[in-house]
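Engineer: Here the sequence shown is numbered in the working numbering, starting from 30 and rising by one per residue.
Glycine included, each C-beta is placed from N, C-alpha and C at the ideal position.
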Amino acid sequence: RMKHYYATESVGIAAGFLVAAIHHAGLAALTHTPSPMAFLNRILNRPVHEKPFLLLVVGHPAEGAGVPDIHRKPLSDISSFLV
Numbered sequence: 030r031m032k033h034y035y036a037t038e039s040v041g042i043a044a045g046f047l048v049a050a051i052h053h054a055g056l057a058a059l060t061h062t063p064s065p066m067a068f069l070n071r072i073l074n075r076p077v078h079e080k081p082f083l084l085l086v087v088g089h090p091a092e093g094a095g096v097p098d099i100h101r102k103p104l105s106d107i108s109s110f111l112v
């Protein structure tokens, strides 16, 4: 076996790109990270050295479904700067 540095970070970035591509294709996606995730190894009959990262549910959105229009607060509302 080979040591892989930043494996979790790399998988997280790749998952983000995958979700963005899924949304760009017109599909909907839901990510879920149940804790603990070890049950997936048992269900899928995977070796113990494999570590599940997330569940990704993908499909066509329901008719009329939309993403909530959430606005970010202005930076001045959540921060203060000391000079």
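1. Do the region 51 to 63 and the region 82 to 92 make contact, defined as three or more Cβ pairs closer than 8 Å?
2. Quick one: what does DSSP say valine 112 is sitting in, helix, strand or coil?
3. Just to confirm my understanding: we take glycine 41, look at its own chain, exclude 5 residues before and 5 after, and list those with CB closer than 8 Å. What are they?
4. Specify, as a first and last residue, the run of the alpha helix (DSSP H) that threonine 37 falls within.
5. Would a C-beta distance cut-off of 8 Å place leucine 84 and proline 63 closer than the cut-off?
Structural biologist: According to the data block:
1. yes
2. What you label residue 112 is simply residue 83 of the sequence shown in a count that begins at 1. Note: valine 112 maps to coil in three-state DSSP.
3. Looking up residue 41 in the sequence shown gives position 12. These residues qualify, in order along the chain: Phe82.
4. Mapped onto the sequence shown, residue 37 falls at position 8. It spans 36 to 53 - the alpha helix (DSSP H) in which threonine 37 sits, taken as one unbroken run.
5. Residue mapping note: residue 84 aligns to position 55 of the sequence shown, counting from 1. Residue mapping note: residue 63 aligns to position 34 of the sequence shown, counting from 1. Contact flag set, yes.
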